[in-house]
Amino acid sequence: MAHTFSFRIKHDYDTTKTGITIPVELTDGSNVVQIDAKLDTGASFCIFERAYGEMLGLNVEGGAQALVSTANSTFQAFGHWLTMTALGFQFDVMVYFAADENIRRSVLGRRGFIDQLRLCLIEHDGELYVSKYDDE
4 MAHTFSFRIK
14 HDYDTTKTGI
24 TIPVELTDGS
34 NVVQIDAKLD
44 TGASFCIFER
54 AYGEMLGLNV
64 EGGAQALVST
74 ANSTFQAFGH
84 WLTMTALGFQ
94 FDVMVYFAAD
104 ENIRRSVLGR
114 RGFIDQLRLC
124 LIEHDGELYV
134 SKYDDE
């Protein structure tokens with residue numbers, strides 16, 4: 004049985020580079036920061052480098068505390084409600100900033116990004132198709 008889906012946008016990415024890079028904008032309403040983040044279907048949260056939270060003027064440690072586990076480590080992060088724009092979609096979501104300034108990767112995870120969307124990934128062609136979850 005075949006299934007047919009439709010998506011609002013197509014995002015092309017370079018399969019020769021590490022990860023699927025998505026340009027993201029975060030704002031607290033007055034300050035804005037632009038970030039190249041990696042789509043990470045295995046990440047529970049959207050987690051950004053600490054420096055980006057500081058650029059927004061946030062008290063990073065003033066956010067909701069979370070202990071994040073990866074395949075090879077555990078680290079502390081702090082959540083803040085912000086507006087995130089990515090691939091033409093805008094969400095008011097909690098995103099996390101790593102407490103450790105040596106963590107140098109920003110990821111778009113399941114809660115806050117993937118749970119807002121419908122995705123179709125064709126890795127062979129470097130294509131990511133995206134719509135909001137509730138789009139018809």
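Positions 4 to 139 (the working numbering) are the ones given, in order, by the sequence shown. Positions of the beta carbon are idealized from the N, C-alpha and C atoms, including for glycine. A quick note: this is a predicted structure, and the numbers were derived from the prediction, not measured.
Residue burial classification, residue i (beta-carbon count within 10 angstroms, cutoff 16)
i, result
"A142", "Residue 142 is absent from the structure shown; the chain starts at 4 and stops at 139."
"V35", "exposed"
"F8", "exposed"
One or two residues paired with residue i in a DSSP bridge
i, result
"L70", "Q79"
"K20", "The partner list for K20 (beta bridge, DSSP) is empty, contrary to what the question assumes."
"A46", "Answer is none; A46 lacks a bridge partner."
"Y99", "I50 and G82"
"Y132", "K13 and C123"
"D39", "P26"
Contact under 8 Å by Cβ, residue i with residue j
i, j, result
"A102", "A80", "yes"
"R108", "K41", "yes"
"A67", "E104", "no"
"D43", "L111", "yes"
"G82", "V63", "no"
"T77", "L85", "no"
"S134", "L120", "yes"
"Y132", "F10", "yes"
"V96", "G115", "yes"
Supposed close pair residue i, residue j - CB separation, criterion 8 Å
i, j, result
"E28", "T88", "4 Å"
"F100", "F51", "5 Å"
"D39", "P26", "6 Å"
"L90", "H14", "6 Å"
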